[in-house]
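Student:
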Amino acid sequence: MNYGIPDYRKIQFYAKWLKTFAPHLTSAQYNEYIRDAFIWHVFSFEIVPANSFLEGDAARAEFDKVNKDGAQCIRLWGDDEPRPLDKKSKAADIERNSQNAIEFYAVGDGFKWTYIVTHETCCGLGPYFMYSGSAEDC
């Protein structure tokens, strides 16, 4: 992921995200689908099993009800490093504010869950929601 990302903390965030939510990603898959692209392609190309994540309205609903204590977020274009996520954040607000021209990544405390709004959400690619472990832990 190049996109003029100079900040090491941003790169660290994406690396940890991939390690947490796509631990079986191969180098070949990374080079073909992710490198110089978008990490949410692990969902759109079903690199992670389709039954392990939610998409669309189901993802929005899960994000709206998940515990956001300690959560952080980052926008691919606009943030140099992760920042705290407002505990009151709702999916509709994020999408309305992004106008589908953003790559928005949120993770729960300890990367227990992730929610992604893609720049192609308006075309049916996203949003996506996934737990990294047991939903009872979140």
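What the sequence shown shows, in our numbering, is residues 55 to 192, in sequence order.
Where is the CB? At the ideal position from N, CA and C, for every residue including glycine.
Given the structure is predicted, the values throughout are model-derived calculations rather than measurements.
Might you give, ordered along the chain, the residues of its own chain that have their beta carbon closer than 8 Å to the beta carbon of ASP140, omitting 5 neighbours on each side?
Tutor: Same-chain partners within the cutoff: LYS122.
Student: Rounded to whole angstroms, what is the Cα-Cα separation between THR80 and ALA113?
Tutor: Answer to the nearest angstrom: the Cα atoms are 26 Å apart.
Student: Keeping to the same chain, check which residues put their C-beta closer than 7 Å to that of ALA76; ignore five residues upstream and five downstream.
Tutor: The answer, listed in chain order, is VAL96, ILE101 and VAL102.
Student: Please check if any C-beta of chain C sits within less than 9 Å of the C-beta of ASP111.
Tutor: As a matter of chain content, chain C is missing from the structure shown, which is built from one protein chain.
Student: Just the Cα atoms here: how many angstroms apart are CYS176 and TYR62?
Tutor: Cα to Cα, CYS176 sits roughly 30 Å from TYR62.
Student: Report, in whole angstroms, the separation of the C-beta atoms of CYS168 and VAL161, which I expect to be a contact under 8 Å.
Tutor: Rather than Cys, the amino acid found at residue 168 in this sequence is Thr. Right, the Cβ-Cβ distance comes to about 5 Å (below 8 Å), so this counts as a contact.
Student: Pull up the distance between the alpha-carbon of ASN85 and that of GLU116, whole angstroms please.
Tutor: C-alpha separation (whole angstroms): 31 Å.
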